[in-house]
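For the sequence shown, position 274 (counting from the first letter as 1) is numbered 275 according to my numbering, and the numbering increases by one without interruption.
Reading through the C-alpha cells given below for one structure.
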Amino acid sequence: MKINILTLFPNMFDGFLTESIIKRAVDNKKVDINIKNLRDYSKNKHKQVDDTPYGGGAGMVLMCEPVFDAVEDIKKKNTKVIMMTPQGKQYDQKMAEKLSKEKDLLIICGHYEGFDERISSIVDEEISIGDYVLTGGEIPAMVLTDSITRLLPGVIEEESKDNDSFTDNLLDYPTYTKPREYRGMKVPDVLLSGDHKKIDEWRKEEQIKKTKEKRPDLINNRKRKTIGKYSLIEDTSKKQIVNLNMDNAYKFSPKKKGVFDVNKVMIVEPTFISKVAKKNLQKKLGSLLNQVQIVLNDETDDEGASYVLGELDRMKALIISLYAKYLDQEYLSLLMIKLDALKNEVALKEMEKIETVNYNKKGRSR
Ligand SMILES: C[S@@+](CC[C@H](N)C(=O)[O-])C[C@H]1O[C@@H](n2cnc3c(N)ncnc32)[C@H](O)[C@@H]1O
Numbered sequence: 002m003k004i005n006i007l008t009l010f011p012n013m014f015d016g017f018l019t020e021s022i023i024k025r026a027v028d029n030k031k032v033d034i035n036i037k038n039l040r041d042y043s044k045n046k047h048k049q050v051d052d053t054p055y056g057g058g059a060g061m062v063l064m065c066e067p068v069f070d071a072v073e074d075i076k077k078k079n080t081k082v083i084m085m086t087p088q089g090k091q092y093d094q095k096m097a098e099k100l101s102k103e104k105d106l107l108i109i110c111g112h113y114e115g116f117d118e119r120i121s122s123i124v125d126e127e128i129s130i131g132d133y134v135l136t137g138g139e140i141p142a143m144v145l146t147d148s149i150t151r152l153l154p155g156v157i158e159e160e161s162k163d164n165d166s167f168t169d170n171l172l173d174y175p176t177y178t179k180p181r182e183y184r185g186m187k188v189p190d191v192l193l194s195g196d197h198k199k200i201d202e203w204r205k206e207e208q209i210k211k212t213k214e215k216r217p218d219l220i221n222n223r224k225r226k227t228i229g230k231y232s233l234i235e236d237t238s239k240k241q242i243v244n245l246n247m248d249n250a251y252k253f254s255p256k257k258k259g260v261f262d263v264n265k266v267m268i269v270e271p272t273f274i275s276k277v278a279k280k281n282l283q284k285k286l287g288s289l290l291n292q293v294q295i296v297l298n299d300e301t302d303d304e305g306a307s308y309v310l311g312e313l314d315r316m317k318a319l320i321i322s323l324y325a326k327y328l329d330q331e332y333l334s335l336l337m338i339k340l341d342a343l344k345n346e347v348a349l350k351e352m353e354k355i356e357t358v359n360y361n362k363k364g365r366s367r
C-alpha cells in the first residue's frame with residue numbers, strides 16, 4: 002500500500018517514520034509512505050500557500066491552487082483522497098479496516114484556519130480524529146497512517162489483531178504479565194491453569210463485562226441478526242452467537258436446533274416477549290394441570306395432593322420472579338386467581354382424605 006501525505010511541515014514526520022513498527026513496515030516494504038511538501042506546489046516566488054479569508058476574520062486559509070495542483074500531480078487512477086478536518090466523519094476502527102484495503106491514499110493536512118471550502122470538491126472523504134481542534138492535520142494524518150499500517154498483512158501478528166479493542170465492537174480482554182502477584186494484586190487463576198478452552202471463555206466474558214462497564218455504547222452497536230422476531234448478537238470473529246445479558250430482554254434456550262446453532266435467545270420486542278413468555282408459561286401450566294387432575298380424580302392417591310400443593314406454590318413463585326415483568330397486569334392477576342382456586346380445590350381434597358382416614362381409624366378402633 003502507498004500512503005501519500007501532503008503537508009506544510011514534512012519534518013514533523015521524521016520521528017514517526019523512523020521508529021518502531023512503522024519503521025519496520027516501511028523497511029520491509031509493507032507500506033510506502035511518501036511525504037510531500039505542499040509548498041513545492043506553490044507558484045508564488047515566496048512559496049506562499051495561504052491567504053487571508055474573504056469577509057475578514059482571523060487566521061490564514063489554505064489556497065485552492067497549490068492543493069489542486071498537488072492532488073492532480075500525486076493522484077493516480079485508484080488513489081483515494083482524504084482531507085483531515087475536524088468537520089469530517091469521525092474516525093474509528095471500522096474506517097481504519099476499510100482504508101487498509103485501499104491501494105493508494107493521499108492524506109491532505111490542513112493548517113492555520115483550514116482549507117478554502119472549494120478544496121472539498123476534489124477529496125473523496127473528509128475525516129476527523131475526534132471532536133477537538135488541533136493546530137494542524139499532521140498528527141491526524143499520523144493517526145490514520147499508524148492505525149492503517151498495523152492492519153496491513155505481515156506488519157504485526159495476525160492473532161494480536163483478533164481481540165484488539167473495537168474488533169466486533171468489544172474492548173480487548175484484560176492482560177497480565179510477570180510477576181504472578183504484585184502489591185497484593187493477583188493474576189486470575191484461570192490464566193495460570195493451562196486450560197486454553199477455559200482461558201478463551203474467560204477472556205470473551207471479560208471482554209463483554211469490560212465493554213459493558215466502560216463503553217456500553219459499543220455493546221448496543223453490535224451486529225444484530227434478526228431471524229423472524231428473534232434478535233441475536235453475532236460474534237463475527239468466531240461466527241457464533243454470543244450470549245449477552247440485556248436488560249428487559251426475555252432469555253431462553255431453544256430446544257430445536259435449526260440452521261443456526263443457537264444456545265441462547267434474547268427477545269427484545271415487548272409484544273413478542275409477552276407472546277413467547279405466555280406460550281412457555283402455558284406449557285408449564287399444562288403439565289401442572291395434569292397433575293392437579295390426577296389428584297382430584299384419583300381416590301387412591303394419598304400423597305399426590307401435598308406434592309401438587311407444593312408445585313402450585315413453586316409455580317406462583319416462578320411466575321412472580323421470572324414471568325411477571327413480561328405479562329400484562331390483567332393476564333397476571335387472572336392467572337394468580339386461577340392458581341389460588343386450584344390450590345383451594347387440592348387443599349380441600351387433601352382435607353377430605355385426612356378426615357376420611359381419621360373417620361376410618363376411629364371406626365375401626367370402636
Ligand atoms: C486549526 S485547524 C482548523 C479548524 C477549522 N477552523 C475548524 O474549526 O473547522 C487546522 C487544521 O488542523 C487539522 N485538524 C485539526 N483538528 C482536527 C481533527 N480533530 N481531525 C482532523 N484534522 C484536524 C485540519 O487539517 C485543519 O484544517
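Virtual Cβ for every residue (Gly too), placed ideally from N, Cα, C.
Keep in mind it's a predicted model, so treat the numbers as computed, not measured.
Burial state of residue i, where buried means 16 or more other Cβ atoms lie within 10 Å
{"i": "D169", "result": "buried"}
{"i": "I321", "result": "exposed"}
{"i": "Q208", "result": "buried"}
{"i": "P154", "result": "exposed"}
{"i": "A318", "result": "exposed"}
{"i": "K198", "result": "exposed"}
{"i": "Y183", "result": "exposed"}
{"i": "T176", "result": "exposed"}
{"i": "P141", "result": "buried"}
{"i": "F253", "result": "exposed"}
{"i": "L349", "result": "exposed"}
{"i": "L193", "result": "exposed"}
{"i": "M352", "result": "exposed"}
Cβ pair residue i, residue j closer than 9 Å
{"i": "V82", "j": "L63", "result": "no"}
{"i": "T146", "j": "I22", "result": "no"}
{"i": "T8", "j": "L39", "result": "yes"}
{"i": "M84", "j": "V134", "result": "no"}
{"i": "E346", "j": "L282", "result": "no"}
{"i": "F69", "j": "I120", "result": "yes"}
{"i": "Y332", "j": "Y251", "result": "no"}
{"i": "E73", "j": "C110", "result": "no"}
{"i": "E114", "j": "M61", "result": "yes"}
{"i": "T150", "j": "K31", "result": "yes"}
{"i": "W203", "j": "V188", "result": "no"}
{"i": "K104", "j": "M2", "result": "yes"}
Per DSSP, cross-strand counterpart(s) of residue i
{"i": "L107", "result": "N5 and V82"}
{"i": "Y251", "result": "I268"}
{"i": "L63", "result": "D51 and F116"}
{"i": "Y183", "result": "M186"}
{"i": "K37", "result": "L7"}
{"i": "Q91", "result": "S129"}
{"i": "G137", "result": "H112"}
Residue i to residue j span [Cα, whole Å]
{"i": "M337", "j": "L289", "result": "14 Å"}
{"i": "F116", "j": "C65", "result": "8 Å"}
{"i": "E300", "j": "V309", "result": "15 Å"}
{"i": "G305", "j": "L286", "result": "17 Å"}
{"i": "S101", "j": "E126", "result": "14 Å"}
{"i": "S334", "j": "L219", "result": "39 Å"}
{"i": "L323", "j": "L343", "result": "21 Å"}
{"i": "L152", "j": "A97", "result": "8 Å"}
{"i": "I274", "j": "K339", "result": "22 Å"}
{"i": "T136", "j": "N35", "result": "22 Å"}
{"i": "V144", "j": "V269", "result": "38 Å"}
{"i": "L171", "j": "F17", "result": "28 Å"}
{"i": "D201", "j": "D132", "result": "36 Å"}
{"i": "K24", "j": "Q94", "result": "22 Å"}
{"i": "D28", "j": "V156", "result": "11 Å"}
{"i": "R181", "j": "K76", "result": "53 Å"}
{"i": "Q91", "j": "K215", "result": "20 Å"}
{"i": "N291", "j": "K279", "result": "18 Å"}
{"i": "G89", "j": "A59", "result": "22 Å"}
{"i": "K48", "j": "M13", "result": "19 Å"}
{"i": "D15", "j": "Y42", "result": "21 Å"}
{"i": "P67", "j": "P87", "result": "21 Å"}
Distance cut-off 8 Å: residue i Cβ against heavy atoms of ligand 1
{"i": "E126", "result": "no"}
{"i": "L135", "result": "yes"}
{"i": "Q88", "result": "yes"}
{"i": "S148", "result": "no"}
{"i": "D51", "result": "no"}
{"i": "F167", "result": "no"}
{"i": "C110", "result": "yes"}
{"i": "G155", "result": "no"}
{"i": "S129", "result": "yes"}
{"i": "Y174", "result": "no"}
{"i": "E114", "result": "yes"}
{"i": "P373", "result": "Residue 373 is absent from the model: the chain starts at 2 and stops at 367."}
{"i": "D132", "result": "yes"}
{"i": "P141", "result": "yes"}
is_contact[residue i, chain C] using C-beta, thresh 9 Å
{"i": "I23", "result": "Going by chain labels, chain C is absent from the structure shown, which holds only one protein chain."}
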